[in-house]
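Chains as they are written, first to last, in this note's numbering: chain W, 1 to 439; chain G, 1 to 233; chain F, 1 to 78.
A virtual CB, placed ideally from N, CA and C, is assigned to each residue, including glycine.
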């Protein structure tokens, strides 16, 4: 794919392998600065199919947690919109940019939108053209005022520059489960912000009953760069199976918590070192509340990428890395997070509605209750009972969290089972809980 | 007065096999429809015993309803074929156009139409989707009482003791199960449940009052419009 | 997350699936198909994965038709 003719007039260079790609300044880039940094936005009259092929070749996967190949998703929506058109040649599809970021510990989407809103908006415009969408939604989290402001300013700039060919409607999402793909679409359709049963998949029938492309805002930002600089450029960093860079939110027992851009496949130790890993860290929660535990320092070598994490029995998810200090009790933290998940589930599916609170209580008994021999067995049984039996993956996440906790905090588990809660369990929670839950 | 009495006497004493069949199939259909209602209500209250799994309730409900429909069809046919009183086929489907006891035959047409709708939508349930099916199925609560009223209003056997007793048993059974069904709703929606109970009680009282002043009072066949159709075909 | 395509089935096979949102634990399916569906501690169905054996397919269709909330589904592959 050759660069757009107008890009030839641009005097800049694509980001080099060692450079940051997504967030390159402390303040939001204005439209002029954005064009200066990355080159002009690609216009919508380019061959839409070429972009889909380029994204497929780049190997970009969704950065919202699902890690689904972005190109394949785009192709599915483009095909669905061509297939379902009867009177016209195509049924217009819809693009939904998911920036709701309902994971309490994640802030990468908010940071991205606050600093590089034009990258995301470029991505929306490009994917809209590629899949034949006549409208787009940008869903922001309800508690991200800086992002909302930056987006509003950026949209106004683009309006003046005539870049809003496809209208973008900004919406606000509140609530943990509301950020889930089908829940988001259900809310956009005027229903409750709760997951729906699949099929029909959003790619087949989603917002306004039309083929819908739901992508995380970071994924769209990468697509905007791939459109400019190509698949080969994208693959200059990262690994063969996990190409490109990604934003991670590093928090917890580190000196410099925050959002970082890393090449995928970077060893965990290196990522944490850059954030100033403090001494006395016992484990890291990867992927968010919906995620898994990895032991420290044992898992230092694990590559931070979806496949690298999976090989270690963990999940990268939306790139959350929360470091747990030695002073905390992993079992207690897990119990609280499970309680959070149980409280924030949609309560639509019996196994989850019953199983998740039971799981949270069972883990709570291990963490805070008197010594008990059969509590662990009940937790293990519950993880098997809830996983895969809901309409969304919340119970799967809870099950994985519980299972990895039992493995990673095995020593604490033995101590708790024999003699009751450790003194660390009574401390203030190390992991924040959005609705203030905690013991 | 004597004229009307004379006409009623003609109607009652001129019994043909078809007329017997109409009355018999009508009563059987009513009993079967009542059993169907009861089974449907048992299903909605999730009735289950070790020796009575839920699929038995559902299977019986389906089969009894089909049987009820079958008897109703025969009931309609014998009525239409009976040349003594002119009730052509359209009267069985379009309510209130009959010249014989228009209101009460009309109620029968309504019940018949609803039964057909209920059966067809249930056969096509998986294709229709739950919402549409449920919407139509709610009309069962209308279909059954309308059928009962039809039976009491048109039935020349209504004043007979055993018929009254049979009808009373049917009404009591369905009323009790309906109250059980409403009791289940009490936890979630007490207002809806309470209104339902009030409605059931009012219907029972109103029905009883109507029965007393209507079919059980003298001169019913005249008041219900028998004489206007006593003309031969 | 929910966009992954389903695993493909050999042709002519059917598989049982529960819509967990529609399911209200009425329990008819597990009465009709105890070989394939069992109850969890709260009465909700646990469906054994994989294709439905030929001899049970008629029962499976009946269970699908009988489900009070139409939560049981039979997915077919030509």
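Determine the direct distance from the alpha carbon of residue j to that of residue i, and round the result to whole angstroms.
{"i": "residue 28 of chain F", "j": "residue 388 of chain W", "result": "21 angstroms"}
{"i": "residue 219 of chain G", "j": "residue 198 of chain G", "result": "32 angstroms"}
{"i": "residue 67 of chain W", "j": "residue 292 of chain W", "result": "16 angstroms"}
{"i": "residue 360 of chain W", "j": "residue 351 of chain W", "result": "14 angstroms"}
{"i": "residue 62 of chain F", "j": "residue 125 of chain G", "result": "12 angstroms"}
{"i": "residue 103 of chain G", "j": "residue 221 of chain G", "result": "12 angstroms"}
{"i": "residue 4 of chain W", "j": "residue 96 of chain W", "result": "With a pLDDT of 44 at residue 4 of chain W, under the threshold of 50, the modelled position of this residue cannot be trusted; read the value that follows with caution. When rounded, the distance between both Cα atoms is 25 angstroms."}
{"i": "residue 308 of chain W", "j": "residue 189 of chain W", "result": "37 angstroms"}
{"i": "residue 148 of chain G", "j": "residue 65 of chain G", "result": "15 angstroms"}
{"i": "residue 130 of chain G", "j": "residue 189 of chain G", "result": "21 angstroms"}
{"i": "residue 227 of chain W", "j": "residue 213 of chain W", "result": "17 angstroms"}
{"i": "residue 299 of chain W", "j": "residue 118 of chain W", "result": "37 angstroms"}
{"i": "residue 167 of chain W", "j": "residue 95 of chain G", "result": "55 angstroms"}
{"i": "residue 362 of chain W", "j": "residue 426 of chain W", "result": "17 angstroms"}
{"i": "residue 278 of chain W", "j": "residue 327 of chain W", "result": "12 angstroms"}
{"i": "residue 394 of chain W", "j": "residue 74 of chain W", "result": "25 angstroms"}
{"i": "residue 195 of chain G", "j": "residue 108 of chain W", "result": "53 angstroms"}
{"i": "residue 334 of chain W", "j": "residue 204 of chain W", "result": "37 angstroms"}
{"i": "residue 100 of chain G", "j": "residue 181 of chain G", "result": "37 angstroms"}
{"i": "residue 41 of chain G", "j": "residue 120 of chain W", "result": "56 angstroms"}
{"i": "residue 67 of chain F", "j": "residue 353 of chain W", "result": "21 angstroms"}
{"i": "residue 145 of chain G", "j": "residue 63 of chain G", "result": "20 angstroms"}
Can you say whether residue i is buried or exposed, counting buried as having 16 or more other CB atoms within 10 angstroms of its CB?
{"i": "residue 13 of chain W", "result": "exposed"}
{"i": "residue 245 of chain W", "result": "buried"}
{"i": "residue 255 of chain W", "result": "exposed"}
{"i": "residue 178 of chain G", "result": "buried"}
{"i": "residue 137 of chain W", "result": "buried"}
{"i": "residue 15 of chain W", "result": "buried"}
{"i": "residue 47 of chain W", "result": "exposed"}
{"i": "residue 201 of chain G", "result": "exposed"}
{"i": "residue 202 of chain W", "result": "buried"}
{"i": "residue 29 of chain W", "result": "buried"}
{"i": "residue 135 of chain G", "result": "exposed"}
{"i": "residue 385 of chain W", "result": "buried"}
I'd like the list of long-range same chain contacts for residue i, defined as Cβ closer than 8 angstroms, with 5 residues on each side in sequence excluded.
{"i": "residue 105 of chain W", "result": "249, 251, 285, 288, 289, 320, 322, 431 and 432"}
{"i": "residue 20 of chain F", "result": "44 and 71"}
{"i": "residue 30 of chain F", "result": "37, 38, 39 and 45"}
{"i": "residue 173 of chain W", "result": "100, 102, 139, 140, 141, 142, 179, 184, 187 and 193"}
{"i": "residue 213 of chain G", "result": "none"}
{"i": "residue 23 of chain G", "result": "155, 156 and 157"}
{"i": "residue 408 of chain W", "result": "283, 293, 294, 295 and 330"}
Considering only residues of the same chain and omitting the five flanking positions on each side of residue i, which have a CB-CB separation below 6 angstroms?
{"i": "residue 60 of chain G", "result": "39"}
{"i": "residue 93 of chain W", "result": "77, 81, 131, 132, 133, 210 and 211"}
{"i": "residue 271 of chain W", "result": "262 and 304"}
{"i": "residue 383 of chain W", "result": "399, 402 and 403"}
{"i": "residue 47 of chain F", "result": "16, 18 and 37"}
{"i": "residue 144 of chain W", "result": "110"}
{"i": "residue 176 of chain W", "result": "102 and 344"}
{"i": "residue 269 of chain W", "result": "300"}
Between which two residues does the alpha helix (DSSP H) carrying residue i extend?
{"i": "residue 144 of chain G", "result": "140-154"}
{"i": "residue 57 of chain F", "result": "57-66"}
{"i": "residue 415 of chain W", "result": "410-419"}
{"i": "residue 58 of chain W", "result": "48-58"}
Quick one: give me the first and last residue of the beta strand (DSSP E) that residue i is part of.
{"i": "residue 266 of chain W", "result": "Unbroken run through residue 266 of chain W: none, as it is neither H nor E."}
{"i": "residue 442 of chain W", "result": "Outside the shown range of chain W, which is 1 to 439, sits residue 442 of chain W, and nothing can be said about it."}
{"i": "residue 106 of chain G", "result": "Where residue 106 of chain G is concerned, there is no enclosing beta strand (DSSP E), although the alpha helix (DSSP H) it sits in stretches over 102-123."}
{"i": "residue 348 of chain W", "result": "Premise fails: residue 348 of chain W is in no beta strand (DSSP E) and is neither H nor E."}
{"i": "residue 237 of chain G", "result": "There is simply no residue 237 of chain G to check, as chain G begins at 1 and stops at 233 in what is shown."}
{"i": "residue 190 of chain G", "result": "Unbroken run through residue 190 of chain G is the alpha helix (DSSP H), 190-213; no beta strand (DSSP E)."}
If you drop the 5 nearest sequence neighbours on each side, which residues of the same chain put their C-beta closer than 7 angstroms to that of residue i?
{"i": "residue 47 of chain G", "result": "57"}
{"i": "residue 105 of chain G", "result": "87, 91, 98 and 154"}
{"i": "residue 76 of chain F", "result": "14"}
Give, in chain order, every residue of the region 256-271 of chain W whose Cβ lies closer than 9 angstroms to some Cβ of chain F.
Within the region 256-271 of chain W, no residue qualifies.
Which residues, taken in chain order from the region 8-37 of chain F, show a beta carbon closer than 9 angstroms to some beta carbon of chain W?
Residues passing the 9 angstroms Cβ filter: 18, 19, 20, 21, 22, 23, 24 and 25.
Interface residues of the region 40-72 of chain F facing chain W [CB-CB below 8 angstroms]:
Legend: CB atoms of the region 40-72 of chain F lying less than 8 angstroms from CB atoms of chain W belong to residues 40, 41, 42, 43, 44 and 46.
When Cβ atoms are compared, which residues of the region 165-186 of chain G fall closer than 8 angstroms to chain F?
For chain F, none of the residues of the region 165-186 of chain G brings a beta carbon within less than 8 angstroms of one of its beta carbons.
May I ask you to list, following chain order, the residues of the region 205-231 of chain W that have a beta carbon less than 9 angstroms from some beta carbon of chain F?
Per Cβ criterion, the list reads 214.
Anything in the region 385-396 of chain W with a Cβ closer than 8 angstroms to a Cβ of chain F? List those residues in chain order, please.
Contact annotation: in the region 385-396 of chain W, residues whose CB is within less than 8 angstroms of a CB in chain F are 385, 389, 390, 391, 392 and 393.
Give the residues from the region 51-66 of chain G that approach chain F closer than 7 angstroms (Cβ to any Cβ), ordered along the chain.
Taking 7 angstroms as the Cβ-Cβ cut-off against chain F, the residues of the region 51-66 of chain G that qualify are 53, 54, 55 and 58.
At a Cβ cut of 7 angstroms, what residues of the region 126-138 of chain G count as close to chain F, listed as they run along the chain?
Those would be 126 and 130, in chain order.
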